Each structure stands twice: as structure tokens, then as C-alpha cells.
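For reference, each letter of the sequence shown is one residue, going 234 to 619 in this note's numbering.
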Amino acid sequence: MTTFTRPLALFILFLLQFSLIVSSANAQSSNGALHLDNQIDIRILVDVSGSMKKTDPLNLRVPALQVLTQLLPENAQAGVWAFADEASLVVPHGAIDSQWRARALAAAQNIRSNGQYTDIGGALQTAAFGEQARTSQRNLHVILLTDGMVDVAKNEVVNIRARNELLQHITQQYVDAGALVHAIGLSHAVDEKTLNDIARRTDGLFAVAENADQLLDIFLRALDNSVLTQQAPVSTDRQTFVVNDDTESITVVVEKNGDQAVALQSPDGEVISANETSKQVAWQESSTHDVVTVQQPEQGTWTVASNEAAVTRVNVQGKLQMDLRLPSNNIYLGQSTPLQIALADASGAITDPELLSRFALQLSLENDQQQVLWQHQQGMSSSMVN
234 MTTFTRPLAL FILFLLQFSL IVSSANAQSS NGALHLDNQI DIRILVDVSG
284 SMKKTDPLNL RVPALQVLTQ LLPENAQAGV WAFADEASLV VPHGAIDSQW
334 RARALAAAQN IRSNGQYTDI GGALQTAAFG EQARTSQRNL HVILLTDGMV
384 DVAKNEVVNI RARNELLQHI TQQYVDAGAL VHAIGLSHAV DEKTLNDIAR
434 RTDGLFAVAE NADQLLDIFL RALDNSVLTQ QAPVSTDRQT FVVNDDTESI
484 TVVVEKNGDQ AVALQSPDGE VISANETSKQ VAWQESSTHD VVTVQQPEQG
534 TWTVASNEAA VTRVNVQGKL QMDLRLPSNN IYLGQSTPLQ IALADASGAI
584 TDPELLSRFA LQLSLENDQQ QVLWQHQQGM SSSMVN
């Protein structure tokens, strides 16, 4: 079971199209007033202290980090730090492109568990956002993974002082910068109160994975709290998904068993694998998942053509984008929360009432156990996007 601090944790939105999308050239939109590209700066901190040998004996941080870094959006900036006694930069901070992703894949392979201490505060200080980042108008996020508590010395008085410094001053620096810290604990031996306090004060996500197998799922939940991703629904048996005619690219995450060969079959029957890629296909492999990006994918039903492999996620880029604005990421039972939702094309937010009327919005609310607590569906209108 995975636990989250947010009593009402997750909004799920579906855009239901009742007719073909009108060409963006015929749509009325604001003059680029709304920017939907994911302008984020995300910094990933991974615990490599010696205790990780027990909590992550199979080193599943490696494939989880590999998948996470491959799903970060273009136009974003990111960096990866490993920390124990001190923090070290393992993937240089910079713009995400194919070269950055290749460096991240390679660097993840070198993650070990050989540090003596767990200096969480020192790691957050090392990866802190400078003046340039704070004034860049990017959304600032940190994903912090640790299995322990603030542990910087054998002297407990020193540890208490370091913990107080983390909560009183270092966390406040992130609050002042408007940066969200998504704190992930690996095992319940973690100092849940400290991580919860950091996440709550910065309006980030807090979750505890009871074992390393849950890491990727929680990493992706933290990513979804950082970036608004558009996803295609996957069939209940996790074998198929449908690509619409306006889709420009898809990124498919496929879960597999070890060295199992994975292939995707397009609607016309063409089989794509890691050994049969082209300029339109990028295929990244890890020990637990493959990440496949296809440019200009064929419209229709795609299938994973591999025994025991399963599609877990399909990110979509298309001509039409959806944006969701919430005043806070953390929503509690009984709280009234306004939502601002927008559809946009390359020119900006779409406000044409006739075009908007061709869509309906279905919104669901889930709890910690991913049980649907509430559902609502209504038509789109210009009042929702202004």
C-alpha cells in the first residue's frame, strides 16, 4: 500500500470529444496569453546511503530513475543529485533534450548505496534554486527520495540541530522561492513527520513506498504533480491503447520481466521493437520497463506484442492541449477549490464557444487507495477557460 499526505489526492480529467477537432486555423484563441508548454525546473535528489542496501537490495532506484528522466518534457530543465554524507551532481542541470536523457540513463547505472550518513538538509541546500531560477518564471519542483531520517553525525544533538535547520530555515527557503518539494520515503523507517512537514509547507506531495517495487509508481505520481501530462487511456488488460488522428507523438511505458523482449504492434500490423527502430521511433530499455517514443503515430489501436509485458502509461502530444490550474496541490475533505481549465492550440487558449461545445469534461476525485470518491461531467464553455 502507498500512503499520501493528501486526503483527497488526485484529480483525473478526461476530455470527451463529440466530433472531429476543428483545425486550429479556424479556432478563435487568445493572443498567446496562456502558455501550456511545460516550463519547469525539476531537481531530483536520490539517497545513496548504506541503509539503501536493505531497503532497495535490487537497486530498483536505477530503472525507476531511468523511466522518470525519459518522461520529463521538452522545454524543461532538470538535474539529478545523489546524496548521503554530501550531495554530488550526477546528471548536470540543464535543458532536457536527447543528450541530457542519454546522460541520465548512463548516470543512473552508477547509483550505489555506500554512504555513511543521510544529510537531507545538505542535499536540499546543494540543489537549491538560485536567483536566476527563481526569476525565470519556470515552475520549480524537487523530487526527494530517501529511506531514512536526518543523520549527519554519531552525536544525536548534532542530528537534532541539523533537523531543526532543515525544517526552520532550509524548507523556508524553498517556500520563499515558490518551489514544491515532493518527498518520497522508502520504507516506514523513514522520518515521516519531517518529510511530511517539508512537503506540506511547500505544497508538494508526500508518499511512502513500503518497498522498492512501488518506487516508479510514486515517482510518476510526483511527476504528475509537477507536469500536466496528457495521457491516452489504456485497456483494462493493459495490452492496448487507441491513438487519435490529431496525435503528433506518443511515449509508451511498458512493464516487462527482466530481459524479456518487448514489441509494439501498430494498427496496420507493423511490429516495432528495440532492434527495429527508425527516425520516428526512440526506444530506451531498463531492467523493468521500456520507454518508447513514436513520432507521427498511426491512428487506431496499438498493441503490446509481448507475452507478460503490459502497457502502464501512454503520454500524448497533440495539436490540442489541455491545461489545469489549481490554487493548491493539496486538497482536503470539505475544502472548496476552484479549477481553471483551458484548451489551447499553438496560438493560445481556445475561446470559440462552438468549438468548445464539441467537448465535455469528465472529472474524478480519488483517495489514497485510488478509489473514486466523486465524479462529474459537464460541457466545456468559454467561462471555464477565461
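A virtual CB, placed ideally from N, CA and C, is assigned to each residue, including glycine.
Computed from a predicted structure; not experimentally measured.
Who are residue i's beta bridge partners in DSSP?
i: W214; result: With the chain represented from 234 up to 619, any question about residue 214 goes unanswered, as that position is not in the structure.
i: M178; result: Residue 178 cannot be examined here, being either before or after the span of the chain that is shown, 234 to 619.
i: H609; result: L596
i: E488; result: H522, A543
i: Q498; result: V504, T536
i: F474; result: V467, W535
i: D274; result: Q310, L373
i: S284; result: BP columns for S284 are empty, so no partner.
i: G418; result: T379, V441
i: T427; result: Bridge partners of T427: none, in fact.
i: T368; result: According to DSSP, which records beta bridges pairwise, T368 is partnered with nothing at all.
i: V549; result: I483
Under 8 Å between the Cβ atoms of residue i and residue j?
i: G381; j: A422; result: yes
i: S420; j: S346; result: no
i: D352; j: V391; result: no
i: V476; j: W516; result: no
i: V383; j: A412; result: no
i: V495; j: V524; result: no
i: D289; j: A445; result: yes
i: S468; j: F474; result: yes
i: L448; j: A440; result: no
i: T427; j: L400; result: yes
i: Q611; j: A577; result: no
i: P314; j: L278; result: Correcting the residue type first, residue 314 is Trp in the shown sequence and not Pro. Cβ distance < 8 Å, so W314 and L278 count as in contact.
i: I344; j: V295; result: yes
i: L594; j: L606; result: no
i: A311; j: H326; result: yes
i: L377; j: H415; result: yes
i: Q464; j: V544; result: no
i: V537; j: L596; result: no
i: A341; j: Q370; result: no
i: P500; j: Q532; result: yes
i: T484; j: T510; result: no
i: I403; j: L373; result: no
i: S539; j: Q493; result: yes
i: T570; j: P530; result: no
Should residue i go down as buried or exposed, given a rule of 16 or more other Cβ atoms within 10 Å for buried?
i: G418; result: buried
i: Y407; result: buried
i: S561; result: exposed
i: N397; result: exposed
i: G199; result: Outside the displayed range of the chain (234 to 619) lies residue 199, so it cannot be described from this structure.
i: S262; result: Because S262 carries a pLDDT of 32, less than 50, the predicted location of this residue cannot be relied on, and the following value inherits that uncertainty. Under this definition S262 is a buried residue.
i: A335; result: exposed
i: M613; result: buried
i: F251; result: Unreliable placement is indicated for F251, whose pLDDT of 36 sits below 50; the coordinate value is still reported in the next sentence. Its Cβ having fewer than 16 others within 10 Å, F251 is exposed.
i: K489; result: buried
i: I621; result: What the structure shows of the chain is the stretch from 234 to 619, and residue 621 is not part of that stretch, so it cannot be assessed.
i: Q349; result: exposed
i: R276; result: buried
i: I505; result: buried
i: Q303; result: buried
i: D280; result: buried
i: A320; result: buried
i: A339; result: exposed
i: I583; result: buried
i: P306; result: buried
When DSSP labels each residue in this structure, what does residue i get in the three-state scheme?
i: T536; result: strand
i: S482; result: strand
i: Q358; result: helix
i: I344; result: coil
i: S569; result: coil
i: A465; result: coil
i: A410; result: helix
i: L322; result: strand
i: Q455; result: The question names Gln, but residue 455 is Ala in the sequence shown. Correct three-state label for A455: helix.
i: Q513; result: coil
i: L305; result: coil
i: T435; result: helix
i: V385; result: coil
i: H402; result: helix
i: V527; result: strand
i: A317; result: coil
i: N562; result: coil
i: V279; result: strand
i: Q604; result: coil
i: N292; result: coil
Does residue i come within less than 8 Å of chain D when only Cβ atoms are used?
i: G502; result: The structure shown has no chain D; it contains just one protein chain.
Cβ pair count under 8 Å reaching 3, the segment 512–521 against the segment 547–555: no
Are the segment 506–514 and the segment 568–577 touching, with three or more C-beta to C-beta distances below 8 Å? no
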